[in-house]
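J.: Numbering (my numbering), first residue to last: 232 to 661. Glycine included, every Cβ here is placed at the ideal spot set by N, Cα and C. Quick one: the structure is below, questions incoming.
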Ligand SMILES: [Zn+2]
């Protein structure tokens, strides 16, 4: 394995540490996929987000306990993603704790409906691949793109407590333990985002509406359409606070008003540029494949370290925008009745002059580092089950080659776990 050097270097965002960001405000970075913040009040503590596992939450609480022995009285969830809500029982320490969230909390979790069929099994398999669960650290799983590759997994999702107070208004002011905070609805990575403005410290807790990576406008684990324009508009809203410190849901917090302003505006401009280019191409009747290959960020944005594609990816986002606005049909009537993969496989093998010849072409493609083409050709053989074992072996090595070229951690993990799954399915076969 020879992972992308920039992806490896990004790991410095996840060095395990508790940082005092402002007087009586601390952030726990690198203990888990997401960050946890603590504000020390007169009698008790306010915790913002509770991370992904009870084990990580215990490790963080142990560090916080070196600073203060005051009890946690209030927990605020910035949004309902599991990596932010699963350590609440640990921070509550058995006490009755107020838990605050937006009134549309969980609106992003589309597949939890048990009254109707839902693709939960597919979602779980794909989630494992995106986060590289089952890959070794650090060779295979370098990171998860916005969090470290090595972190405790015990108690994953186990410590969730339901919100006790839901915020209905666009902006609500609360006072707890002598601390006054504004809770502001800001739909972005999820529609249920609640960001927190701590005026006295000029601090903004932005959840996942900013982290140092190109934004995850579409997650390959499988997500419903995320409203691109709403996210860009919320970044404008965040800019209005003129924050001196941006306490991010993942990656290192951002310190300094100018730096915060630059990052939030660049993030907004990146989303807007992607939407504008995609819409322009759609209006020229281009389909998602061609758009994914033609849309790119202007170099002055693409080269910003906090817009590199460690977690989100421009090409996936372009496809998601297309699917989310015009749906699956690309507009080309050829594609109204596309062949099945088996039908296409049979015809492509015939075109190549047989399965052995097609395998040879695929192997030649791999030998000349045309890994994507090698993958597409091997899929034809696998679909038809001809030369399938050789085609699968070729696919496994092409997936691994693609993984090493990938700056995107989700993509790298997905390639590598898929390769591992296929390798395991071949065990015992010649
Ligand atoms: Zn998150």
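Taking C-beta to C-beta, are residue 650 and residue 625 nearer than 8 angstroms?
T.: The answer is no: Cβ separation not under 8 angstroms.
J.: Using the Cα positions of residue 297 and residue 355, report the straight-line distance between them to the nearest angstrom.
T.: One C-alpha to the other measures close to 37 angstroms.
J.: Looking at ligand 1, does it come within less than 7 angstroms of residue 258, judged from the CB to the closest heavy atom?
T.: Outside the cutoff, so no.
J.: Quick check: what's the CA-CA separation for residue 397 versus residue 654?
T.: Cα-Cα distance, rounded: 47 angstroms.
J.: Taking any heavy atom of ligand 1 as the mark, which residues have a C-beta closer than 7 angstroms to it, listed down the chain?
T.: Every residue passing the under-7 angstroms Cβ criterion appears here: 264, 265, 312, 314, 315, 377, 439, 480, 481.
J.: So, with DSSP's three-state summary, where would you put residue 502?
T.: Of the three classes helix, strand and coil, the one that applies to residue 502 here is helix, per DSSP.
J.: What are the boundary residues of the alpha helix (DSSP H) that residue 653 is part of?
T.: Its alpha helix (DSSP H) spans residues 640-657.
J.: Please state the DSSP three-state secondary structure of residue 258.
T.: Residue state, collapsed to three classes: strand.
J.: Taking buried to mean at least 16 other C-beta atoms within 10 Å of its own C-beta, is residue 487 buried or exposed?
T.: Burial call: exposed.
J.: Let me know the secondary structure DSSP gives residue 486 once reduced to three states.
T.: Note: residue 486 maps to strand in three-state DSSP.
J.: To test your reading of the DSSP string, which unbroken alpha helix (DSSP H) runs of 4 or more residues are found completely within the segment 361-394?
T.: The segment 361-394 contains no whole alpha helix (DSSP H) run of 4 or more residues.
J.: Thinking C-alpha only, which one of 431, 430, 416 is nearest residue 424?
T.: Cα-wise, what sits closest to residue 424 is 416.
J.: Does the beta-carbon distance from residue 442 to residue 380 come in below 8 angstroms?
T.: Not in contact: residue 442 and residue 380 (Cβ atoms no closer than 8 angstroms).
J.: Going along the chain, which residues of its own chain have a beta-carbon closer than 6 angstroms to the beta-carbon of residue 544, five neighbours each way excluded?
T.: Here the set comprises 639.
J.: Assign residue 276 to one of three DSSP states: helix, strand, or coil.
T.: Residue 276: strand per DSSP, three-state reduction.
J.: For the candidate residues 413, 448, 244, whose alpha-carbon lies nearest to that of residue 472?
T.: Looking at the Cα atoms, 413 is the closest of the given residues.
J.: Check for me: the beta strand (DSSP E) holding residue 438 runs from which residue to which?
T.: Where residue 438 is concerned, the enclosing beta strand (DSSP E) stretches over 434-438.
J.: Quick one: grab the DSSP three-state call for residue 617.
T.: In this structure, residue 617 counts as coil in the three-state DSSP scheme.
J.: With C-beta atoms as the reference, is residue 361 less than 8 angstroms away from residue 451?
T.: A contact, by the Cβ cut-off of 8 angstroms.
J.: Should residue 411 be labelled buried (16 or more other beta-carbon atoms within 10 Å of its own) or exposed?
T.: The residue in question, residue 411, is exposed, as its Cβ has fewer than 16 Cβ neighbours within 10 Å.
J.: Here's the rule: buried if 16 or more other CB atoms are within 10 angstroms of the residue's CB, otherwise exposed. What is residue 511?
T.: Burial call: exposed.
J.: In whole angstroms, what is the alpha-carbon distance linking residue 371 and residue 660?
T.: Approximately 25 angstroms between the Cα atoms of the pair.
J.: Regarding residue 255 and ligand 3, is the C-beta to nearest heavy atom distance less than 7 angstroms?
T.: Absent from the structure shown: ligand 3. Ligands present: ligand 1.
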